[in-house]
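Colleague: Dropping a structure here in structure tokens format, bear with me for questions.
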Amino acid sequence: MKAGSNLEQVLESGVFTVTAELGPPKAADPKVIIDKAGILKDHVDAVNITDNQTAIARMSSAAAARLCIEQGLEPVMQMTCRDRNRLAIQSDILGAAALGVRNLLCLTGDHQSLGNHPQTLGVFDLDSITLIRMVRDMRDGPVFQNGEEITGLAPQLFIGAAANPYADPFPYRALRLAKKVEAGIDFVQTQIVFNVGKFEEFMRQCRELGVSEHCRILAGVAPLKSAGMAKYMKNRVAGMDVPDEIVERMSGAGDAQDEGIQVCVDVIKKVREIEGVAGVHIMAVEWEAAVPEIVKRAGLRE
Amino acid sequence: MTENQTNIRSFSRPISGDELRRPPCEAACPIHTDAQRYIQLVAENRPAEALAVVRQTNPLPQVIGRICPHPCEDACRRGQVDEPIAICNLKRVASDGAKTGGLGYDPPRPDFTIGKKVAIIGSGPSGLGAAHDLALLGVRPVIFESQSEAGGFLRTGILNYRLPKHILDEDIDYIRGMGVEIRTGVKVGEDIAFDELADEYDAVLIAVGLSESRSLPAPGADLPQVLLAVPFLEAVNAGREAPELGKEIIVIGGGNVAIDAARSARRLSGGKVTMVCLETDYEMPAHSWEIEDATAEGVSIICSQGPNAIMGDGKVEGLEVKKCESVFDEQGRFAPRFCETELSVVPGDTVIIAIGQMSNLSFLPGSGPEVNERGILIFDREQCTTTRRGVFASGEVVTGPGAAVNALASGKRAAIAVARYLGADVDFPPEPDPIGEVPPGVAEKVKPAPRRKMPARPAGERSGDFDEVELGLPEVEARCEASRCLLCSAGARYSELKCIACLTCVRVCPYGATWHDREGLAGISPERCQVCGICFTQCPTKAIDIGVKSEEQIEAEIEAALTGGGKDLEFGCWYSQARVTPDAAAVILPCTGRLSVRLLLHAVERGAERVYVAVCSESEDGHFIHGHRQTRAAVAEAKKAIAEAGLDPGAIEIRIEPELKCKKNV
Amino acid sequence: MTDDCENVLVAGCNTCVAVCLTGGEKEAEQLAQQLRIARRREGIRGKVDTVTVLRQCENEYLDAIAVQVEEADIVLSTACSIGPQGLVFRYPRKRVAPAMNTNMLGYVREHHVWTEYCAACGSCVIAATGGICPVARCAKTLLNGPCGGSRNGRCEISPEVPCVWQEIYDRLAALGDLDSLKRIIGPKKWNLSNSGGPRTMKKEGFEP
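Chains as they are written, first to last, in our numbering: chain H, 1 to 302; chain D, 1 to 666; chain F, 1 to 208.
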């Protein structure tokens with residue numbers, strides 16, 4: 001065991017793993033976290049706490065992660081390179097570890113121009129790969145980024161990263177994940193899979209490169225709420241690939257929300273069959289209530 | 001580092017260009033008239049100023065504007081695109097327009113500061129030209145003319161239908177108005193001895209021209225119905241009783257005098273007129289347009305025939321001719337070869353001989369100046385001197401037959417020679433160095449525009465009288481014609497000191513006129529430049545200016561337009577003659593693509609409340625490629641600038657001229 | 001800013017900013033015209049003149065305009081921000097203001113279009129990235145490949161912006177050198193950029 005987190009244990013046990021996402025509020029109210037955790041905690045193995053997702057200022061992921069822990073739900077704290085330099089990141093990691101966080105997802109972060117403070121300075125002192133390497137060294141060195149030894153308790157973290165099989169250049173995507181593995185990740189959560197065929201190809205490349213041997217891969221999935229949302233994600237969201245047949249399914253549905261859940265379940269069933277897929281990461285943004293239903297219909301919790 | 005070194009590229013310096021290269025029309029003109037400049041002024045409908053430009057080099061603007069064989073047009077680079085500019089016709093427009101505009105012109109009254117006087121024998125174009133220029137150089141000229149009126153061959157040899165007498169009078173009166181005395185009816189050698197003149201005057205200029213016709217050494221030449229062209233034309237011109245002409249007139253000769261004799265004979269007799277000449281039709285020395293006019297009026301021409309004998313017994317019955325096999329030898333010298341056996345007869349009852357002219361130098365005393373064995377004055381072409389000190393010569397008497405403008409040029413050169421001899425501080429001007437031909441690929445980019453034709457009275461009407469044939473180009477036509485000018489060598493020029501080799505001009509020039517090489521050196525090809533001005537508007541260091549309508553010139557025009565009290569200013573285009581606001585003061589540019597933001601702001605700064613910019617279409621291109629794109633970009637930037645300065649951006653506005661005169665006439 | 005000044009001097013610079021059509025003699029004169037128009041409208045007395053030197057980043061050129069600068073109540077420099085600061089250094093008691101925003105170090109990919117190519121970061125990486133700089137040209141200054149926002153060769157921040165990592169990838173693929181993209185480029189030494197404080201470069205052996 002590297003960090004001894006629940007997520008690590010579940011993944012290492014070989015059980016098909018389920019994670020979900022929990023977005024902190026744009027406010028200081030802990031109740032939002034507590035309520036969402038209540039919805040999710042019996043249905044997933046861990047939950048991602050996003051870090052100023054889409055460059056919008058929210059409650060800090062470390063604080064929200066601690067609130068989650070208090071509710072008995074294991075957090076995967078997300079950490080981006082956009083808002084902090086290496087000093088701030090290391091101090092937040094030490095703090096979060098001290099508060100009980102055991103999983104850390106290392107991200108570059110969406111560009112600040114897409115968020116609600118487009119005039120801010122993007123830090124990007126590190127990128128996701130140098131961040132991963134730094135966190136691994138803090139855990140295994142244990143050293144700070146500058147090589148200085150961590151003489152007390154080192155942060156024990158199960159290190160994750162994101163991968164997007166739908167971004168370009170496609171042939172580089174598996175290579176980039178391999179680079180993250182080399183940098184030190186233990187698991188990866190992918191961008192939302194709608195186009196299963198392309199994801200299968202990505203997985204094939206990952207297997208060839210030995211990625212799936214060295215890190216656990218969770219396929220990202222998400223329920224669509226409406227045909228409009230399907231179209232929006234298809235056309236407007238960078239790095240998303242929504243096939244026409246799914247847009248059509250959503251358009252033709254009587255109960256769009258129910259159909260969206262069913263689409264998600266169908267995707268889960270398919271990706272589960274792919275060699276090397278260790279679990280799913282359900283991204284029901286601001287629709288946490290859908291997660292239990294998806295888990296149930298997909299038969300992820302007996 | 002001295003201050004000078006650090007300053008060297010810091011401050012504005014004059015734009016140096018290819019200043020010595022000149023338009024080919026100017027170089028080809030014997031008197032090097034700045035045709036381009038007066039053409040521009042005609043394009044802007046400023047005839048009085050145009051005439052002033054003509055007058056800078058040409059003392060006989062109205063005369064030359066009618067009868068010049070215009071070698072300038074042969075050199076005109078527009079001819080390499082489609083047809084040359086009608087330069088000669090536009091010269092006439094300048095003087096005609098200056099008169100109809102009521103803008104009379106007063107001759108200058110030079111002071112004869114040199115305190116010397118010159119006797120000029122002959123008041124033809126050479127003598128008049130010399131007198132005019134001598135007066136300006138401070139020498140007092142006195143012309144001696146044997147005829148009762150001044151003008152020489154212009155008066156006696158050129159017919160009213162080509163050069164109306166009152167036009168000639170006006171040009172001569174102008175020269176008289178400068179203080180030039182013309183003593184008419186004074187025959188040197190008879191009324192006053194040459195030596196007397198030489199004693200009384202500080203110098204003498206012989207400019208007597210070729211006043212006598214050569215006769216034909218052939219049987220029958222002494223018959224009474226055989227006339228010589230020069231006295232014939234003299235009599236016609238003088239309005240003296242017309243010589244008795246028959247109904248079938250034969251004119252011998254193929255030159256311009258022969259043409260004039262034939263056209264006059266046609267007018268006087270109303271009968272059949274036939275020209276007989278040695279040359280083939282394409283070899284004839286007469287100008288092609290003169291031949292066209294003559295044939296249009298009913299004159300027929302028999303080529304490649306030489307006169308053998310004038311037939312008739314006491315009365316002309318015809319001309320026996322022999323086949324002329326060739327006129328020139330291999331060296332191009334006049335050496336006609338005939339087939340003596342191939343004879344034929346051209347029937348006729350009158351013969352006019354127009355086979356050449358010679359001078360009459362019988363007035364010269366034995367003491368010189370000397371003539372050579374062929375009876376021609378011995379003459380130094382450079383210094384215009386004869387073998388006698390203080391005696392100079394000019395015009396056809398020394399150059400041989402040629403156009404009036406050549407005689408004028410010769411007289412003008414003699415004026416300088418005489419003035420130098422008399423102590424004036426003046427030099428012979430350098431010969432202009434013309435720019436080269438329109439390069440391949442550029443001609444295709446020039447907007448097509450046909451040459452405007454000179455309106456003339458119909459041949460049927462005019463062949464019965466001696467009134468002027470050509471009517472003059474109307475204003476709009478003249479402006480269209482003038483705006484065809486390629487403005488050779490007057491385009492972009494740059495200062496090497498200010499150029500930073502930024503390549504902006506290289507990138508924007510639609511004609512590839514700006515170039516740079518790998519060493520970072522840049523330059524502008526005057527041959528390729530079409531004077532669109534886009535590089536000028538873009539150059540970030542103000543290293544480029546344009547020869548025609550420099551920035552300084554346009555600024556001055558803006559200021560002049562606004563001092564009239566007007567608050568609106570229009571930038572118009574001389575190609576389209578576009579005017580979008582008839583009431584606003586206007587600055588006319590060769591396409592408003594020339595406008596820089598700086599010039600637009602200058603207008604606002606100088607008090608224009610509204611600035612209108614005329615364009616002729618919605619297209620990206622105006623007269624020049626990308627011209628309108630540039631206009632729109634400059635206007636947009638200027639609007640933004642005045643908006644930032646707190647003014648209404650609507651104060652600067654592009655308007656499309658609804659009616660395009662230049663296109664309507666195409 | 002110039003309202004309380006009687007004499008305004010607009011100082012142009014005829015090198016880099018002239019080449020990029022932002023602050024050469026032409027632009028300086030246009031600015032002066034614009035100011036004169038605005039000041040006349042507001043009834044402000046005084047004059048607005050221009051002077052342009054070859055380079056405002058060197059003492060000798062700034063010294064050459066001493067007379068004009070001394071006469072002015074304020075100098076507006078159309079040079080890059082080095083110009084106004086040079087004027088401040090040379091004329092310590094003179095009010096100086098920038099008349100132009102200095103954007104970037106760019107390349108002229110096509111006429112009238114300048115593209116940022118260098119961030120002057122002080123530790124050049126392009127030998128490892130196919131000769132194309134991700135520090136200047138990636139919105140996130142990524143050193144280890146494209147983020148998940150790269151789509152059809154475009155950056156996630158705007159479809160107008162090309163993804164430099166796509167360009168790097170394509171170039172290395174064409175060169176048959178994709179392996180170099182597998183190597184991790186370690187955390188950047190930002191202390192060599194202006195993060196490390198103002199930088200000074202000296203030519204060894206020629207210090208004053």
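Just so you know, even glycine gets a beta-carbon here, dropped at the ideal spot from N, CA and C.
Answer yes if the segment 429-445 of chain D comes into contact with the segment 134-150 of chain D, meaning at least three C-beta pairs across the two stretches below 8 Å, and no otherwise.
Modeller: No, they do not touch.
Colleague: Would you check if there are 3 or more beta carbon pairs closer than 8 Å linking the segment 222-235 of chain D to the segment 279-289 of chain D?
Modeller: Flag = no, the segment 222-235 of chain D and the segment 279-289 of chain D do not touch.
Colleague: Helix, strand or coil for D:R420, going by three-state DSSP, please let me know.
Modeller: Along the second sequence, read from residue 1 onward, the residue named residue 420 of chain D stands at position 420. Residue state, collapsed to three classes: helix.
Colleague: Step through the CB atoms of chain D and report whether any lies within less than 9 Å of the CB of F:T102.
Modeller: Within the third sequence, residue 102 of chain F is the residue found at index 102, counting from 1. False, the Cβ-Cβ gap to chain D never drops below 9 Å.
Colleague: What does the Cβ neighbour count give for H:V123, buried or exposed, with the cut at 16 atoms within 10 Å?
Modeller: Here residue 123 of chain H corresponds to residue number 123 of the first sequence, with the count starting at 1. When all chains shown are included, H:V123 counts as buried.
Colleague: So, helix, strand or coil for D:E83, using DSSP?
Modeller: In the second sequence, counting from the first residue as 1, residue 83 of chain D sits at position 83. D:E83: coil per DSSP, three-state reduction.
Colleague: At a CB distance below 9 Å, what residues from the segment 83-97 of chain F approach chain H? Give them in sequence order.
Modeller: Those residues of the segment 83-97 of chain F that come within reach of chain H (Cβ to Cβ, closer than 9 Å) do not exist; the list is empty.
Colleague: Can you look up H:P118 in the DSSP assignment and give me helix, strand or coil?
Modeller: One-based indexing of the first sequence puts residue 118 of chain H at position 118. Of the three classes helix, strand and coil, the one that applies to H:P118 here is coil, per DSSP.
Colleague: Measuring CB to CB, does F:E167 end up less than 9 Å from F:A139?
Modeller: Counting from one through the third sequence, the residue named residue 167 of chain F turns up at place 167. Counting from one through the third sequence, the residue named residue 139 of chain F turns up at place 139. No. Outside cutoff.
Colleague: When you compare the CB of F:T141 with every CB in chain D, is at least one pair closer than 9 Å?
Modeller: What you label residue 141 of chain F is simply residue 141 of the third sequence in a count that begins at 1. It does not: the Cβ of F:T141 has no partner Cβ on chain D nearer than 9 Å.
Colleague: Below 6 Å CB to CB, which residues in the same chain sit around D:V246 once its five sequence neighbours on both sides are set aside?
Modeller: Your numbering for residue 246 of chain D matches position 246 in the second sequence. The amino acid occupying residue 246 of chain D in the given sequence is Gly; Val does not appear at that position. Only D349 and T350 meet the Cβ criterion.
Colleague: Could you run through the segment 534-565 of chain D and flag, in chain order, every residue whose CB is less than 7 Å away from some CB of chain F?
Modeller: Residues passing the 7 Å Cβ filter: C539, P540, T541 and K542.
Colleague: Apply the 10 Å Cβ neighbour rule to D:G533 and answer buried if 16 or more other Cβ atoms are within range, or exposed otherwise.
Modeller: Here residue 533 of chain D corresponds to residue number 533 of the second sequence, with the count starting at 1. Buried, by the Cβ-count rule.
Colleague: On the DSSP letters alone, give me the boundaries of the alpha helix (DSSP H) that H:A202 sits inside.
Modeller: The sequence position of residue 202 of chain H within the first sequence is 202, counting from 1. Looking at the sequence shown, residue 202 of chain H is not Ala but Phe. Segment V196 to E208, the alpha helix (DSSP H) holding H:F202.
Colleague: Does any C-beta atom of chain F lie closer than 9 Å to the C-beta of D:A98?
Modeller: On the second sequence, residue 98 of chain D is found 98 positions in, with the first residue counted as 1. It does not; no Cβ of chain F falls within 9 Å.
Colleague: Using a Cβ-Cβ cutoff of 9 Å, what residues of the segment 146-159 of chain F are near chain H? List them in chain order.
Modeller: Cβ contacts with chain H come from P146, C147, G148, G149, S150, R151, N152, G153, R154, C155, E156, I157 and S158.
Colleague: Roughly how many angstroms separate the alpha carbons of H:P142 and H:L87, rounded to a whole number?
Modeller: Taking the first residue of the first sequence as position 1, residue 142 of chain H is located at position 142. Taking the first residue of the first sequence as position 1, residue 87 of chain H is located at position 87. The alpha-carbon atoms of H:P142 and H:L87 are separated by roughly 16 Å.
Colleague: Given that D:L647 touches chain F, what residues does it touch there, using C-beta distances under 9 Å?
Modeller: As a working mapping, residue 647 of chain D is identified with position 647 in the second sequence. Within 9 Å Cβ-Cβ: I37, A38 and R41.
Colleague: Would you check if there are 3 or more beta carbon pairs closer than 8 Å linking the segment 259-273 of chain H to the segment 209-226 of chain H?
Modeller: Yes, they touch.
Colleague: Under three-state DSSP, which class holds D:Y575?
Modeller: Position 575 of the second sequence, counted from the start, is the residue given in the question as residue 575 of chain D. Residue state, collapsed to three classes: coil.
Colleague: Applying the criterion that 16 or more other CB atoms from any shown protein chain within 10 Å of the CB defines a buried residue, is D:R13 buried or exposed?
Modeller: In the second sequence, the residue the question calls residue 13 of chain D occupies position 13. Residue confidence is low: D:R13 scores 37 on pLDDT, short of 50, so the model does not pin down where it sits. Its coordinate-derived value is still stated next. Counting Cβ neighbours within 10 Å, D:R13 comes out exposed, since fewer than 16 surround it.
Colleague: Any C-beta of chain D sitting closer than 9 Å to the C-beta of F:Q33?
Modeller: Walking along the third sequence from the start, residue 33 of chain F turns up at place 33. Yes, F:Q33 counts as interfacial toward chain D.
Colleague: Are the C-beta of F:K26 and some C-beta of chain H separated by less than 9 Å?
Modeller: Taking the first residue of the third sequence as 1, we reach residue 26 of chain F at position 26. Judged by the 9 Å Cβ criterion, F:K26 is not in contact with chain H.
Colleague: Measure the Cβ-Cβ separation of D:L60 and D:L128 and say whether it is below 9 Å.
Modeller: Here residue 60 of chain D is taken as the residue at index 60 of the second sequence, counted from 1. Here residue 128 of chain D is taken as the residue at index 128 of the second sequence, counted from 1. Result yes, Cβ atoms of D:L60 and D:L128 sit closer than 9 Å.
Colleague: Answer with yes or no whether the minimum CB distance from H:S212 to chain F is below 9 Å.
Modeller: In the first sequence, the residue the question calls residue 212 of chain H occupies position 212. No - not a single Cβ of chain F is within 9 Å of the one on H:S212.
Colleague: Tell me the rounded alpha-carbon separation between F:A136 and D:V611.
Modeller: Looking up residue 136 of chain F in the third sequence gives position 136. Looking up residue 611 of chain D in the second sequence gives position 611. One C-alpha to the other measures close to 44 Å.
Colleague: Output, in chain order, the set of chain D residues within a Cβ distance shorter than 8 Å of F:A18.
Modeller: Within the third sequence, the letter at position 18 stands for residue 18 of chain F. Those within 8 Å of F:A18 in chain D are I500, C502, P540 and T541.
Colleague: Report the start-end ranges of each alpha helix (DSSP H) in the segment 401-454 of chain D that is 4 residues or longer and not cut off at the edges.
Modeller: Listed in chain order, they are 404-421.
Colleague: For D:E73 and D:R46, what's the separation of their Cα atoms in angstroms?
Modeller: For this step, residue 73 of chain D is matched to residue 73 along the second sequence. For this step, residue 46 of chain D is matched to residue 46 along the second sequence. Looking at the two C-alpha atoms, the distance is approximately 22 Å.
Colleague: Going by DSSP, name the residue or residues bridged to F:C80.
Modeller: The residue labelled residue 80 of chain F in the question sits at position 80 within the third sequence. The partner list for F:C80 (beta bridge, DSSP) is empty, contrary to what the question assumes.
Colleague: Report yes or no: do three or more beta-carbon pairs, one from the segment 209-228 of chain D and one from the segment 354-361 of chain D, lie closer than 8 Å?
Modeller: The segment 209-228 of chain D, when compared against the segment 354-361 of chain D, does touch it at the 8 Å Cβ threshold.
Colleague: Provide the residue span of the beta strand (DSSP E) that contains D:I652, from first to last.
Modeller: As a first step, residue 652 of chain D is located in the second sequence; it is residue number 652 there, counting from the start. I652 to I656 is the span of the beta strand (DSSP E), which, as asked, contains D:I652.
Colleague: Specify the secondary structure class of H:T19 as computed by DSSP and reduced to three states.
Modeller: The count along the first sequence starts at 1 and reaches residue 19 of chain H at position 19. Strand at H:T19.
Colleague: Name the chain B residues whose beta carbon is nearer than 8 Å to that of D:E644?
Modeller: No chain B appears in the structure shown, which is made up of the protein chains H, D and F.
Colleague: Over the uninterrupted alpha helix (DSSP H) stretch that includes D:K640, give me the two end residues.
Modeller: Taking the first residue of the second sequence as 1, we reach residue 640 of chain D at position 640. Unbroken alpha helix (DSSP H) run through D:K640: G627 to E644.
Colleague: Thinking C-alpha only, which one of F:I44, F:V17, F:Y169 and F:R171 is nearest F:Y107?
Modeller: Working through the third sequence from its first residue, we reach residue 107 of chain F at position 107. Looking at the Cα atoms, F:V17 is the closest of the given residues.
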